[in-house]
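There are 2 protein chains.
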Amino acid sequence: MNFAILAGIAVCWTDRKQSPSRLLREVSKILEKLLNAIQNSPLTRKLSAFVALSENELAVLERLHKRRRSFVAGRDLVHQGQSKQAAYILAAGWACSYKTQPDGSRQIVDFQIPGDFLGLRSVLLHMSDHSIEPIVDIQAAEVLAGDLLGAFARTPRLATAILWAASRDEAMVVEHLVGLGRRDADERMAHFLLELGARLALVGMGSKGGYACPLTQYHLADALGLSAVHVNRVLRKLREDKLVTFRDGHVTFDNYDRLVALAQFDPTYLDHIGPILK
Amino acid sequence: MNFAILAGIAVCWTDRKQSPSRLLREVSKILEKLLNAIQNSPLTRKLSAFVALSENELAVLERLHKRRRSFVAGRDLVHQGQSKQAAYILAAGWACSYKTQPDGSRQIVDFQIPGDFLGLRSVLLHMSDHSIEPIVDIQAAEVLAGDLLGAFARTPRLATAILWAASRDEAMVVEHLVGLGRRDADERMAHFLLELGARLALVGMGSKGGYACPLTQYHLADALGLSAVHVNRVLRKLREDKLVTFRDGHVTFDNYDRLVALAQFDPTYLDHIGPILK
DNA sequence: CGCCAACTTGAACTTAGTCAAATGTCGTGG
DNA sequence: CCACGACATTTGACTAAGTTCAAGTTGGCG
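Residue numbers (my numbering), protein chains in the order written: chain A, 1 to 278; chain B, 279 to 556.
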């Protein structure tokens, strides 16, 4: 009995005859397992949205989610310069990775939402070049370097899928860099809010209408390279122009299309189909 | 007969007795091969500076350098949005990867110098999210996705070394992002010139005294998120302050230590020892 | 020689930062 | 219940950094 999810469509096949009732029973058992895996893990959900994962691969992925730990908001999970070998898969809550300068100012490099890896690069460099802070209380699965490499060796397709997700993250960092270098404050904010919405939509936490967002204006300032004061002004302007409203922990897109036009937002780099479905 | 280069020191050993003259002959043969490989390939040189590579791994690395091609300055090697599966190893010359915005402005994400990979991420995403432009005439070895994966499968240590180099590149992009978000124009320029110097020193093309640099002030402007006019002013100021001189395709550090202090340059993220020498 | 690209400089302008102060909100302890 | 502090948000007035526009200068090369 074989089973796979292909671009959202379940496919199953068998090479020998079976009674219909037995076939049905098996399929339903597998479906239940899959549903379980996908519902329990935003990472699985994210990867499944792009890449065909077999039952076996899903099982390996699930095994990576053992060793679950909780962390409280605000206390650094990893600190810049710390030598640490573990990565994490974020299961619930938001985090951000940032670097602090000697003069005290900080730059947020990226936000992580459920399904994202934390500190994958640190594992390879054997040293964290940045800090990671939980923005709210979070749940994360610790992944030891050895387990990850083991999983890669046993399921190369999964390895490719994870590397693909890492590449996608890197593409987002590049887009962020472009924003800091070549977009003014309004465009930067618009682009940021749109990108975050697109990412959240992938794990079922947002839509074109808006999304819940626990970030403070200080987080936005540190991410966008602006002062908190200016962030506030920009948000006011966007709100008054009926483009987007950021208020009380919630982002509401008042006019998605005009916002996309302002930000010159092109979600191509997020939308791409994965590398496995050839 | 075994042989390795370990942090710049050659090591050889054998498990059976051999006549001294024969041993000597073998060692000199191997040395010649290695010298050849290292001189011919800046990538080999870069990796060897951090990671112990065996004779076999060096041979595999050399094989990746077949299929050498030339490209003229200014004509895009890869274009944004292009679907392309090959990556390149830059053998000679300088290139830059950049993104252009719909409004025509461009942001240079990174410069590549000999020994760097071009478009490694594009291979995984099956699509280039940026363009690559040779700054001068360049020589690059085309690496097909298949060859790369084959080499990875046969020599996992080499795979780790290359992934490590890729992580290091990503760390540089992050540092660049921090610069755009949280450093003013002077610091940004100082930091950039220092980082470039450190990278070039790794492949023997620069020192604490300075280095040859084919970039124009427009390149600097596009990389640092400044206008070309302002780049000119910043360069003048740094020159007048006797910190660094950028002129006639040559960067000269007039006062390395004060420049490091101004830029708050911390080369930790470039200096790190590789992942294999545990 | 004349052209072109890179570089240089000045002046006016715009964006975003800094400083300062007021408002709002939430949870804690009296 | 209210007072209080901690923190996030909001607004205004002023300032500094960097852009834009415009007009040269320089140097290499056909």
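Ideal Cβ positions, reconstructed from N, Cα and C, are used throughout, including at glycine. Remember, predicted model here, so these are calculated numbers, not experimental data.
(1) Quick one: Cα of G132/A to Cα of V72/A, how far?
(2) G382/B versus chain A: which residues are under 9 Å apart at the beta carbon?
(3) Please tell me whether Q107/A and G225/A are closer than 9 Å, where the distance is taken between their beta carbons.
(4) Against chain A, with Cβ distances strictly below 9 Å, would L284/B count as a contact?
(5) In whole angstroms, what separates the C-alpha of L61/A from that of A490/B?
(6) Thinking C-alpha only, which one of P392/B, H408/B and R435/B is nearest D415/B?
(7) Of all the options L180/A, L259/A, S97/A and W164/A, which has the alpha carbon lying nearest to the alpha carbon of E240/A?
(8) Could you tell me which residues DSSP puts in a beta bridge with Q390/B?
(9) Which of helix, strand or coil does DSSP assign to L90/A?
(10) Short check: CB of E335/B to CB of T494/B, under 9 Å?
(11) Within 10 angstroms of its Cβ, does L539/B collect 16 or more other Cβ (buried), or is it exposed?
(12) Taking the alpha-carbon positions, what's the A283/A to A190/A distance?
(13) Roughly how many whole angstroms lie between the Cα atoms of R461/B and G74/A?
(14) Would the beta-carbon of P134/A fall within 9 Å of that of A95/A?
(15) Would you decide whether D76/A is buried or exposed? Buried here means 16 or more other CB atoms lie within 10 Å of its CB.
(16) Just checking: is the beta-carbon of G482/B within a distance shorter than 9 Å of some beta-carbon in chain A?
(17) Keeping to the same chain, check which residues put their C-beta closer than 7 Å to that of Q139/A; ignore five residues upstream and five downstream.
(18) Does any residue of chain A have a CB that is nearer than 9 Å to the CB of D407/B?
(19) According to the neighbour-count rule (16 or more other Cβ atoms, all chains shown, within 10 Å of its Cβ), is H454/B buried or exposed?
(20) Would you check if there are 3 or more beta carbon pairs closer than 8 Å linking the region 471 to 491 of chain B to the region 193 to 209 of chain A?
(21) By how many angstroms is the C-alpha of L47/A removed from the C-alpha of L163/A?
(22) Applying a beta-carbon distance threshold of less than 8 Å, which residues of chain A neighbour R399/B?
(23) Put I440/B into one of helix, strand or coil per three-state DSSP.
(24) Determine the DSSP secondary structure at R183/A, reduced to helix, strand or coil.
(25) Entirely within the region 455 to 535 of chain B and at least 4 residues each: give me those alpha helix (DSSP H) ranges in chain order.
(26) Cβ atoms of L342/B and D425/B: under 9 Å apart, would you say?
(27) Let me see if you follow: with CB-CB separation under 9 Å, is E142/A close to chain B or not?
(28) In chain A, which residues lie less than 8 Å from W442/B when you measure between Cβ atoms?
(29) Can you grab the Cα-Cα spacing for the pair S83/A / D257/A, in whole Å?
(30) For the region 363 to 396 of chain B, which residues have a beta carbon sitting closer than 8 Å to at least one beta carbon of chain A?
(31) First and last residue of the beta strand (DSSP E) that includes F152/A?
(32) At a CB-CB cut-off below 7 Å, which residues of chain B make contact with G181/A?
(33) Just to make sure I have the definition right: I need the residues of chain B whose C-beta is within less than 8 Å of the C-beta of V234/A. Which are they?
(34) Mind checking if Y269/A is an interface residue toward chain B, Cβ cutoff 9 Å exclusive?
(35) So, D388/B versus M450/B, is the Cβ gap smaller than 9 Å?
(36) Taking just the CA atoms, how far does K344/B sit from V421/B?
If we stick to the structure as given:
(1) As a working mapping, residue 132/A is identified with position 132 in the first sequence. As a working mapping, residue 72/A is identified with position 72 in the first sequence. First, the residue type needs correcting, since residue 132/A is Ile and not Gly in the sequence shown. Each residue's Cα considered, the two are about 12 Å apart.
(2) Here residue 382/B corresponds to residue number 104 of the second sequence, with the count starting at 1. Near G382/B there are no residues of chain A at all, since even the closest Cβ is about 10 Å away, more than 9 Å.
(3) What you label residue 107/A is simply residue 107 of the first sequence in a count that begins at 1. What you label residue 225/A is simply residue 225 of the first sequence in a count that begins at 1. Yes, the Cβ-Cβ distance between Q107/A and G225/A is below 9 Å.
(4) For the purposes of this step, residue 284/B is identified with residue 6 of the second sequence, where counting begins at 1. In this predicted model, L284/B has a pLDDT of only 46, less than 50, meaning its place in the structure is not dependable; the value taken from the coordinates is given anyway. No, because no Cβ of chain A sits closer than 9 Å to the Cβ of L284/B.
(5) Position 61 of the first sequence holds residue 61/A. Position 212 of the second sequence holds residue 490/B. Computed Cα separation, rounded: 49 Å.
(6) As a working note, residue 415/B is residue 137 in the second sequence. Looking at the Cα atoms, P392/B is the closest of the given residues.
(7) By 1-based counting over the first sequence, the position of residue 240/A is 240. Nearest option by C-alpha distance: L259/A.
(8) Within the second sequence, numbered from 1, the residue matching residue 390/B stands at position 112. Partner(s): A373/B.
(9) Translated into positions along the first sequence, residue 90/A becomes position 90. L90/A: strand per DSSP, three-state reduction.
(10) Counting from one through the second sequence, the residue named residue 335/B turns up at place 57. Counting from one through the second sequence, the residue named residue 494/B turns up at place 216. No.
(11) The sequence position of residue 539/B within the second sequence is 261, counting from 1. With the sequence shown as reference, residue 539/B is identified as Ala, and Leu is not the correct amino acid for it. Classification of A539/B: exposed, given that the 10 Å Cβ count is below 16.
(12) Summary: the structure shown does not reach residue 283/A, with chain A confined to residues 1 through 278, and so no result is reported for it.
(13) The count along the second sequence starts at 1 and reaches residue 461/B at position 183. The count along the first sequence starts at 1 and reaches residue 74/A at position 74. Spanning the two alpha carbons is a distance of roughly 25 Å.
(14) Taking the first sequence and counting its residues from 1, the one referred to as residue 134/A is at position 134. Taking the first sequence and counting its residues from 1, the one referred to as residue 95/A is at position 95. Result yes, Cβ atoms of P134/A and A95/A sit closer than 9 Å.
(15) The count along the first sequence starts at 1 and reaches residue 76/A at position 76. Exposed, by the Cβ-count rule.
(16) For the purposes of this step, residue 482/B is taken as the residue at position 204 of the second sequence. No, no contact with chain A.
(17) Within the first sequence, the letter at position 139 stands for residue 139/A. For Q139/A, where only same-chain residues beyond five positions count, the Cβ hits under 7 Å are R68, S70, A91, A92 and G93.
(18) Taking the first residue of the second sequence as position 1, residue 407/B is located at position 129. Taking Cβ atoms only, chain A reaches closer than 9 Å to D407/B, which makes this a yes.
(19) Here residue 454/B refers to the residue found at position 176 when the second sequence is read from its first residue. Burial call: buried.
(20) no
(21) Position 163 of the first sequence, counting from 1, holds the residue named residue 163/A. Position 47 of the first sequence, counting from 1, holds the residue named residue 47/A. About 11 Å.
(22) The residue labelled residue 399/B in the question sits at position 121 within the second sequence. S167, E170 and A171, listed in chain order.
(23) On the second sequence, residue 440/B is found 162 positions in, with the first residue counted as 1. DSSP places I440/B in helix when its eight states are reduced to three.
(24) As a first step, residue 183/A is located in the first sequence; it is residue number 183 there, counting from the start. In the structure shown, R183/A sits in coil (DSSP, three-state: anything other than H, G, I, E or B).
(25) 463 to 480, 495 to 502 and 506 to 518
(26) Start at 1 with the first residue of the second sequence, and residue 425/B comes out as number 147. Start at 1 with the first residue of the second sequence, and residue 342/B comes out as number 64. In this structure, L342/B lies closer than 9 Å to D425/B by Cβ.
(27) Within the first sequence, numbered from 1, the residue matching residue 142/A stands at position 142. No, its Cβ sits nowhere closer than 9 Å to a Cβ of chain B.
(28) In the second sequence, the residue the question calls residue 442/B occupies position 164. L124 and L125, listed in chain order.
(29) To locate residue 83/A, count along the first sequence from 1; it is residue 83. To locate residue 257/A, count along the first sequence from 1; it is residue 257. C-alpha separation (whole angstroms): 45 Å.
(30) K377, Q379, P380, D381, S383, R384, Q385 and V387
(31) Indexing the first sequence from 1 puts residue 152/A at position 152. No beta strand (DSSP E) contains F152/A, which is instead part of the alpha helix (DSSP H) from A145 to R154.
(32) Along the first sequence, one-based indexing puts residue 181/A at 181. Near G181/A (Cβ distances below 7 Å), the residues of chain B are Q385, L458 and G503.
(33) The residue given as residue 234/A occupies position 234 in the first sequence. Neighbours of V234/A on chain B: none; closest Cβ ~15 Å, over 8 Å.
(34) For the purposes of this step, residue 269/A is identified with residue 269 of the first sequence, where counting begins at 1. Taking Cβ atoms only, chain B reaches closer than 9 Å to Y269/A, which makes this a yes.
(35) Taking the second sequence and counting its residues from 1, the one referred to as residue 388/B is at position 110. Taking the second sequence and counting its residues from 1, the one referred to as residue 450/B is at position 172. The answer is yes: Cβ separation under 9 Å.
(36) On the second sequence, position 143 is the one that residue 421/B refers to. On the second sequence, position 66 is the one that residue 344/B refers to. Roughly 8 Å separates the two Cα atoms.
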